[in-house]
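Report on the structure given below.
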Amino acid sequence: MSNIVILTGAGISAESGLDTFRAEDGLWAQHRVEDVATPEGFARDPGLVVNFYNARRQQASEVEPNAAHKALAQLEAEHEGSVVVITQNVDDLHERGGSRKVMHMHGALKSALCAACEHRWPAPMVMAPGDACPSCGSPQARPDIVWFGEMPYEMDLIFELLGEADIFAAIGTSGNVYPAAGFVAEARRAGAHTIEFNLERSSVGNMFEEHRTGPASQTVAAWVDEVLSRG
Ligand code: BV8
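Residue numbering for the sequence shown is 1 to 231, as defined by our numbering.
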């Protein structure tokens, strides 16, 4: 019975219509990272940052999970061993595609966080700077997103899962952001078979034993059929 650990990035949501980060017309072409995805940027101009995430929260609510999200949900439901999705994405397409074991290591658009007391609650579609925390009342609500320089969530559990992985699959991630880009090295140390699903080799592509090149909606669905037919 094999344990499967899956890391996903923006590329798995691309065919659903959400922008990736590093494509020519991607999010980092439209915005400066330091302005919208760092604590310093938020301190400098909270309105710009809150509106950046308001727009993405709205977009994510208007698109649908694609065949890759659904295939991973089927894998979790039917594979005998454990299947966990660790996603760098902040959209909820994995959950809406049927996955139940999803870890949002970079946070989630649907969650709001109080910078004062660390209370979390379901984010409204539109957040505003200075929104009050429903728990402590302080006007320090922020998007529950992990910005550059902040510690990603659930890292201890993630490293435990990587240490027990028999198969590690990275889907639709360019391998530019750490610590996520280093997970393949951890999985290899644990003896896992490593597979990369992408349109092209990622920055850490040479670390993977196997590559499945093409749109995730096709390559991931085909791979899940293979894994499930192997039993
Ligand atoms: C941390 C927020 C430590 C949410 C994100 C040097 C200087 C400064 C910092 C660093 C440094 N070196 C390392 C660092 C740390 C830094 C980092 O890695 N920087 C990089 C840029 C060098 N990392 C951090 O700061 C992290 N924190 O290290 O904390 C610490 C220690 C102690 C105490 C405190 C802290 C935090 C990183 C999280 C930052 N937040 N986003 C949001 O706005 O969404 S990162 C952002 O980029 C996204 O969250 C995403 O996760 C991430 C990676 O992007 P991808 O998902 O890979 O998307 P991308 O567009 O790049 O690629 C898409 C891929 O899909 C492509 O390969 C494409 O070919 C493929 N694709 C496209 N279509 C398809 C497809 N594949 C298949 N099918 C398709 N159809």
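The beta-carbon is built from N, C-alpha and C at its ideal position, and this holds for glycine as well.
A direct Cα-Cα distance of roughly 20 Å separates M151 from P46. With contacts defined by Cβ atoms closer than 8 Å, E196 and A170 form a contacting pair. Contact between the region 123 to 133 and the region 48 to 66 is present: three or more C-beta pairs spanning the two stretches fall below 8 Å. Residue pairing by DSSP puts L7 in a beta bridge opposite I86, A170. Residue K70 holds the alpha-carbon nearest to the alpha-carbon of S13 among V5, E34, K70, L162. Each of P215, R44, V84 was checked against the Cα of I158, and the nearest Cα belongs to V84.
At the C-beta level, H94 and L72 come within 8 Å of one another.
Per the coordinates, the alpha-carbon of M207 lies some 7 Å from the alpha-carbon of V184.
Taking each of Q218, C117, N3, T20 in turn and checking the Cα distance to A10, the smallest one comes out for T20.
V204 and C136 have their alpha carbons spaced roughly 43 Å apart. T194 has its Cβ no nearer than 7 Å to any heavy atom of the ligand BV8. Nearest C-alpha to F168 among M1, I6, S2: I6. The beta-carbon separation of D91 and A60, rounded to 4 Å, stays under the 8 Å limit for a contact.
A distance of 8 Å or more separates the beta carbons of P122 and G130. Counting the other CB atoms within 10 Å of its CB gives D144 a total of 16 or more, which places it among the buried residues.
Selection M1, M155, T8 evaluated against G172 yields T8 as nearest (Cα-Cα).
By a beta-carbon distance limit of 8 Å, F42 does not contact R188. Their separation comes to about 36 Å.
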